[in-house]
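Numbering (this note's numbering), first residue to last: 96 to 439.
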Amino acid sequence: MIRRRVARTRAPLRAGARPRHPGHATRGADGISAPLRRLPSFPVPAASDRPEVITSIAALRERFPAGTVALVPTMGALHEGHLALVDRAAALVRAGATPGSTTPTPAPSAVVVSIFVNPLQFGPNEDLARYPRDLDADLDLLAGHGVTAVFHPDVDEMYPGGPSQTRVTAGDVGALWEGRSRPGHFDGMLTVVAKLLGIARPAVALFGQKDAQQLFLVQRMVRELDIATRIEGVTTVRAGDGLALSSRNRYLDPNERIAARALSAALEAAGSAGDRGIDAVIAAAQSVLMGEELVELDYLGIVDPATFRPVADDFRGPARVLIAAKVGPARLIDNADIYLNRAA
């Protein structure tokens with residue numbers, strides 16, 4: 096079985112501290128966190144209601160005071176995987192409103208989904224121009240999921256005067272794996288996430304574990320820059336045949352869609368080989384991927400979840416297998432937890 100948690104990695108084969116919870120609240124004599132008493136509540140949207148759309152930074156800040164938001168950052172083209180993040184955010188809001196709740200403080204009282212296709216994280220030969228955009232469809236999908244508002248700024252609102260000259264750099268890990276295949280991607284991603292956290296000032300922000308390296312880097316940024324937002328990873332959502340849900344899956348034709356199942360099948364094979372060591376894991380995954388002629392492997396590696404660096408040959412313990420491959424016009428990524436050398 097593919098297990099889904101945040102993970103760890105080995106050197107790629109190419110073809111062709113625990114995050115602390117910042118913003119700890121002070122407690123009153125009754126033991127209740129002071130911020131929880133001050134946070135405003137927002138009406139829960141009716142099941143049929145599409146969320147309110149906010150397009151300006153000033154309007155978002157005026158609408159939601161600091162510490163009131165559970166933020167789900169997206170680039171749109173929403174699917175059931177995004178809804179898992181939204182539903183988790185809504186659950187945190189409900190839990191925070193429940194007397195005696197153990198929700199980490201400060202507790203959010205509104206769910207905000209940001210939809211912004213960030214040009215900084217696309218390379219010159221990537222799919223920025225054709226990245227799917229359909230706000231109406233996204234709003235329809237979000238209806239009934241407890242979303243208070245959608246933050247949908249345009250590029251001029253986020254980057255007035257042109258692309259930001261101040262960037263967050265992803266450091267050493269940002270140059271590995273996805274960073275090696277997509278130079279500058281993680282710098283652009285971290286820059287927009289830092290901006291969104293500064294704009295929305297959320298109590299918590301939720302990210303999918305499918306983008307494991309992104310999640311690792313966001314957690315590290317928040318920890319190292321003392322940003323007062325808790326980052327939570329949410330389990331990967333998969334289709335019935337195992338394919339991880341992705342906005343780019345819509346690029347696949349029927350034959351490519353069938354071939355794409357090889358990524359999750361390779362992860363299953365890798366997990367089954369974990370007790371035999373790293374070489375066996377790589378060989379098991381490769382044998383599945385090489386059996387699909389429509390799959391063009393970019394990288395396959397094993398990382399240590401604590402560092403996101405390649406594991407040593409004698410590594411023993413929980414690890415994470417990473418795969419990136421091109422299937423037709425779509426570049427897909429996936430990952431899964433494994434345990435290496437359990438019997439060693």
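Built from N, CA and C at the ideal position, the CB exists for glycine as well.
| Asked | Found |
| --- | --- |
| Quick one: grab the DSSP three-state call for residue 350. | helix |
| On a Cα-Cα basis, can you pick out the residue from 242, 178, 425 that is closest to residue 146? | 242 |
| Check residue 220 in the structure and name its three-state DSSP category. | coil |
| With a Cβ-Cβ cutoff of 8 Å, do residue 418 and residue 362 count as a contact? | yes |
| Could you compute how far the alpha carbon of residue 163 sits from the alpha carbon of residue 247? | 18 Å |
| Judging by CA-CA distance, which residue of 305, 308, 289 is the nearest neighbour of residue 450? | Outside the displayed range of the chain (96 to 439) lies residue 450, so it cannot be described from this structure. |
| Looking only at C-alpha atoms, which of 399, 377, 406 sits nearest to residue 392? | 377 |
| If you check the beta carbons only, do residue 383 and residue 364 fall under 8 Å apart? | yes |
| Excluding sequence positions up to five away, which residues of its chain have a Cβ less than 6 Å from the Cβ of residue 173? | 233, 236 |
| Do you know whose CA, among 213, 205, 368, lies nearest residue 253's CA? | 213 |
| Residue 313 and residue 285 - do their beta-carbons sit closer together than 8 Å? | yes |
| Under the assumption that residue 208 contacts residue 261 (Cβ atoms under 8 Å), give the Cβ distance between them as a whole number of angstroms. | The pair is not a contact, with the Cβ atoms about 26 Å apart (cut-off 8 Å). |
| Look at the alpha carbon of residue 373 and the alpha carbon of residue 272, and state the distance between them as a whole number of angstroms. | 17 Å |
| What are the boundary residues of the alpha helix (DSSP H) that residue 340 is part of? | Unbroken run through residue 340: none, as it is neither H nor E. |
| With a cut-off of 8 Å, do at least 3 Cβ pairs link the stretch 222-233 to the stretch 318-338? | no |
| What first and last residue would you give for the beta strand (DSSP E) that runs through residue 209? | 205-210 |
| Just the Cα atoms here: how many angstroms apart are residue 218 and residue 438? | 43 Å |
| Out of curiosity, what's the CA-to-CA distance linking residue 350 and residue 320? | 45 Å |
| Is residue 151 buried or exposed, if buried means 16 or more other CB atoms sit within 10 Å of its CB? | exposed |
| Using the three-state DSSP reduction, which class does residue 408 fall into: helix, strand or coil? | coil |
| Determine the burial state of residue 407: buried for a count of at least 16 other Cβ atoms within 10 Å of its Cβ, exposed for fewer. | exposed |
| Taking the alpha-carbon of residue 148 as reference, which of 220, 398, 416, 206 has the nearest alpha-carbon? | 206 |
| Using beta-carbon positions only, say whether residue 331 and residue 299 come within less than 8 Å of one another. | no |
| Does residue 392 come out as helix, strand or coil in the three-state DSSP assignment? | strand |
| Tell me which residues share the same chain as residue 357 and place their Cβ nearer than 6 Å to its Cβ, disregarding the 5 neighbours each side in the sequence. | 383, 384, 387, 390 |
| Name the DSSP bridge partner or partners of residue 434? | 413 |
| Figure out for me which residue from 189, 294, 215 has the closest Cα to the Cα of residue 282. | 215 |
| Report the option in 263, 371, 279, 186 whose CA atom is closest to the CA atom of residue 57. | With the chain represented from 96 up to 439, any question about residue 57 goes unanswered, as that position is not in the structure. |
| Buried or exposed: residue 412, going by 16 or more other Cβ atoms within 10 Å of its Cβ? | exposed |
| For residue 303, which of helix, strand or coil comes out of DSSP? | strand |
| Taking residue 414 and residue 435 to be in contact with their CB atoms under 8 Å, please state how far apart those CB atoms are, rounded to whole angstroms. | 5 Å |
| In this structure, how does DSSP classify residue 317 when only helix, strand and coil are distinguished? | helix |
| Do residue 426 and residue 352 count as a contact pair if the criterion is CB distance below 8 Å? | no |
| So if DSSP puts residue 167 in a beta bridge, which residue, or which two residues, is it bridged to? | 208 |
| With which residues is residue 363 paired in a DSSP beta bridge? | The partner list for residue 363 (beta bridge, DSSP) is empty, contrary to what the question assumes. |
| What first and last residue would you give for the beta strand (DSSP E) that runs through residue 328? | 325-329 |
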